[in-house]
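Undergrad:
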Amino acid sequence: MRKKERAKEIYDRLAKRYPSPEPALHWSTPWELLVATALSAQCTDERVNMVTPVFFERWPEISDVAEADVTDIEDVVRSTGFFRNKAKNLKAAATRIMEVYGGEVPKTMAELITLGGVARKTASIVLANAFGVNEGIAVDTHVKRLAFRMGLTTKTDPIQIEKDLMPLYPREQWGDVNHLLVFFGREVCPARKPKCDECELNDICPKKGVK
DNA sequence: CTCCCGATAT
DNA sequence: ATATCAGGAG
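Numbering-wise, full-length UniProt numbering puts 113 at position 113 of the first sequence, and it's gapless, one number per residue.
#1: Does the Cβ-Cβ distance between LEU115 and ALA93 come in under 9 Å?
#2: If you drop the 5 nearest sequence neighbours on each side, which residues of the same chain put their C-beta closer than 7 Å to that of ASN129?
#3: In its own chain, which residues sit with a C-beta less than 7 Å from the C-beta of ALA7, not counting the 5 before and 5 after it?
#4: Measure the C-alpha to C-alpha separation of LEU178 and LYS16 and round it to an integer number of angstroms.
#5: Using a Cβ-based criterion (distance less than 8 Å to any ligand heavy atom), does ALA36 qualify as near the ligand MG?
#6: So, with DSSP's three-state summary, where would you put PHE131?
#7: Secondary structure at GLY185, three-state DSSP: helix, strand or coil?
#8: Write down the C-beta distance between GLN42 and PHE82 rounded to the nearest angstrom, noting that I regard them as a contact closer than 8 Å.
#9: Near VAL182, what residues of its chain come up, given a Cβ to Cβ distance below 6 Å and the 5 sequence neighbours on each side ignored?
#10: DSSP three-state call for PHE55: helix, strand or coil?
#11: Where are the beta strand (DSSP E) runs, 3 residues long or more, that stay fully inside the segment 13-87, in chain order?
#12: Which term fits ASN134, buried or exposed, when burial requires 16 or more other beta carbons within 10 angstroms of its beta carbon?
#13: Could you name the residues of the same chain whose beta carbon sits closer than 7 Å to that of ASN49, not counting the 5 residues immediately before and after it, in chain order?
#14: How many Å lie between ASP197 and ARG171 at the Cα?
#15: What would DSSP say about MET109, mapped onto helix, strand or coil?
#16: So, at 7 Å on beta carbons, what are the nonlocal neighbours of SER20 in its own chain, with the 5 sequence-adjacent residues on each side left out?
#17: Under a Cβ-count criterion, where at least 16 other Cβ atoms within 10 Å of its own Cβ denotes burial, should THR86 be classed as buried or exposed?
#18: With 16 as the cutoff for other CB atoms within 10 Å, does SER28 come out buried or exposed?
#19: Suppose the cutoff is 8 Å on Cβ atoms and the five residues either side in sequence are ignored; what does the same chain contact list for ARG13 look like?
Given below as C-alpha cells:
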C-alpha cells in the first residue's frame, strides 16, 4: 500500500474510533490553551489539568501573569517539570502579548513563535483549536512515535516529520491528525507496550510486533 | 548536541 | 533503577 493511501486509511479508521476528537487539556480561552500546552512539555495532560485551574484562579488575566513574580509562577507550575523554564517563558510570553499584541493572543504561526517557549508544536495546537486555523501539524511525542511506527516518516526531527506529514493530508484535517494520533497513541500504541494484538491498524502497520 | 526537571509506570 | 510523559532553547 502506498504511503498516502495508508495515511488516509489511518485517518479514516481513527476518525471512526474518535468521532469528535477534542483536546484532553482543559481550557476556555486562547491564552488558557497556550498556557496548558506550554505546561504539557514532558508532562501528562492529567497533571497539567490539575495545575491550570490554580494558575488561572491566581492570575485570571494575561496582564496578571505579565506582572506576576516569577518565583510565584514557579511554585504553581513546579509539579509539571521544567518549572523554571516554563515560569520564565509564560511570564515573558504574557509580557510580550501585552506590550506588542495589545493583550490578544496573536493568530498566526509567525507571530506565535516569537513568544517565549512557544514553537511550532504549541502554536499549531493553539491555532487549530482556539482559532480554527490550520497552519501546521503539531508534532508531539505521540505524533512522532506513531508517524514513525506507521511508516509515514523516517525522520526524527519534529520539523522534518511535519514536512513529511503535511502533504499526506488535506489542510482541513491537520488539526484532527494531531488529535487522532495522540489519542490512539495513548490508548493503543504507547511508547513502551504497544497493544498490537488489539490494534485496528495492525494489518497496515509496518512495525507490527516490532518494538 | 545538551540542558531543563517533577511525577508516574514498569 | 529506568523510561516516559501533548517541547523548547542555547
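Just so it is clear, CB atoms sit at the ideal spot from N, CA and C, and this is done for glycine as well.
All of these numbers come straight from a predicted model, not from anything done at the bench.
TA: With the structure as the only source:
#1: Yes, these two residues count as a Cβ contact at 9 Å.
#2: Result list for ASN129: PRO23, LEU33, GLY175, in chain order.
#3: Cβ within range, chain order: LEU152, LEU168, TYR169.
#4: Checking the displayed sequence, the identity of residue 178 turns out to be Asn instead of Leu. Taken atom to atom, the span from the alpha-carbon of ASN178 to that of LYS16 is near 15 Å.
#5: Absent from the structure shown: the ligand MG. Ligands present: none.
#6: Looking at PHE131 - three-state DSSP - the assignment turns out to be coil, as it is neither helix nor strand.
#7: In the three-state reduction of the DSSP assignment, GLY185 falls in the helix class.
#8: Confirmed, about 6 Å.
#9: Shown here for VAL182: same chain residues with a beta carbon closer than 6 Å to its own, the five before and five after excluded, namely HIS142 in chain order.
#10: Note: PHE55 maps to helix in three-state DSSP.
#11: Segments of the beta strand (DSSP E) lying fully in the segment 13-87: there are none.
#12: Flag for ASN134 reads buried.
#13: So the qualifying residues of the chain are LEU25, HIS26.
#14: Distance between the alpha carbons of ASP197 and ARG171: 32 Å.
#15: In this structure, DSSP gives MET109 a helical state, which the three-state scheme calls helix.
#16: Within the same chain, no residue comes within 7 Å of SER20 by CB-CB distance, once the 5 residues on both sides are set aside.
#17: The sequence shown places Lys at residue 86, rather than the Thr named in the question. Buried is the label assigned to LYS86, since at least 16 other Cβ atoms lie within 10 Å of its Cβ.
#18: With fewer than 16 Cβ atoms within 10 Å of its Cβ, SER28 is classed as exposed.
#19: Excluding residues within five positions, the ones whose Cβ falls inside 8 Å are GLU200, LEU201.
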